[in-house]
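Asks: Take 283 as the starting number for the sequence shown in our numbering and just add one per residue. First the structure, then my questions, so here it is.
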Amino acid sequence: MEHIAALLLIVGCNNGLDQCRELPAPVAVFETVSECAAQRPKAIASLAHVEPRLFSRCLVVDPALEDDYDQITWNVRADGTFEAAISVTGAVVASNGYPSRQRHAD
Numbered sequence: 283m284e285h286i287a288a289l290l291l292i293v294g295c296n297n298g299l300d301q302c303r304e305l306p307a308p309v310a311v312f313e314t315v316s317e318c319a320a321q322r323p324k325a326i327a328s329l330a331h332v333e334p335r336l337f338s339r340c341l342v343v344d345p346a347l348e349d350d351y352d353q354i355t356w357n358v359r360a361d362g363t364f365e366a367a368i369s370v371t372g373a374v375v376a377s378n379g380y381p382s383r384q385r386h387a388d
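As structure tokens, this is what we get:
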């Protein structure tokens with residue numbers, strides 16, 4: 283049985299960051315966090331045409347709790363801070379919130 287160690291979350295927003303939505307990652311689950319991190323730039327590039335502002339995060343999954351995860355929550359603040367977390371039956375087990383690198387059109 284394959285165990286999941288990371289989930290790739292991608293969120294796209296308009297330029298004002300007041301309308302955001304979760305976007306489907308080409309590959310959403312990974313056996314290692316490093317695999318997720320390696321595929322993240324390619325996933326962002328494949329969705330560059332969908333929204334002007336993209337945010338992404340590899341969220342760590344504990345394989346022992348793989349079947350207990352029940353919710354992914356995320357928030358994009360007006361200052362560009364992207365927060366994301368995975369919950370297990372009400373307890374947060376992975377969380378990350380800091381300003382994300384933003385893709386700029388040249």
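We put the beta carbon where it would ideally sit given N, CA and C, even for glycine.
Just the C-alpha distance for residue 325 and residue 365, rounded to the nearest angstrom, thanks.
Replies: About 19 Å.
Asks: Tell me which same chain residues have a C-beta within less than 6 Å of the C-beta of residue 308, skipping the five on either side of it?
Replies: Closer than 6 Å at the Cβ level, and outside the excluded window around residue 308, lie 325 and 328.
Asks: In or out: residue 294 buried (at least 16 other Cβ within 10 Å) or exposed?
Replies: Buried is the call here.
Asks: Does residue 246 pass the burial test, meaning 16 or more other C-beta atoms within 10 Å, or should it be called exposed?
Replies: Residue 246 falls outside the range modelled here, since the chain spans only 283 to 388, and no answer is possible.
Asks: Can you name the residues that DSSP bridges to residue 338?
Replies: 292, per the DSSP bridge assignment.
Asks: Just the C-alpha distance for residue 322 and residue 300, rounded to the nearest angstrom, thanks.
Replies: Cα to Cα, residue 322 sits roughly 24 Å from residue 300.
Asks: Residues in its own chain within less than 8 Å of residue 359 by CB, not counting five upstream and five downstream?
Replies: Once the five neighbours on either side are set aside, the close Cβ partners of residue 359 are 299 and 365.
Asks: Who are residue 305's beta bridge partners in DSSP?
Replies: The partner list for residue 305 (beta bridge, DSSP) reads 292.
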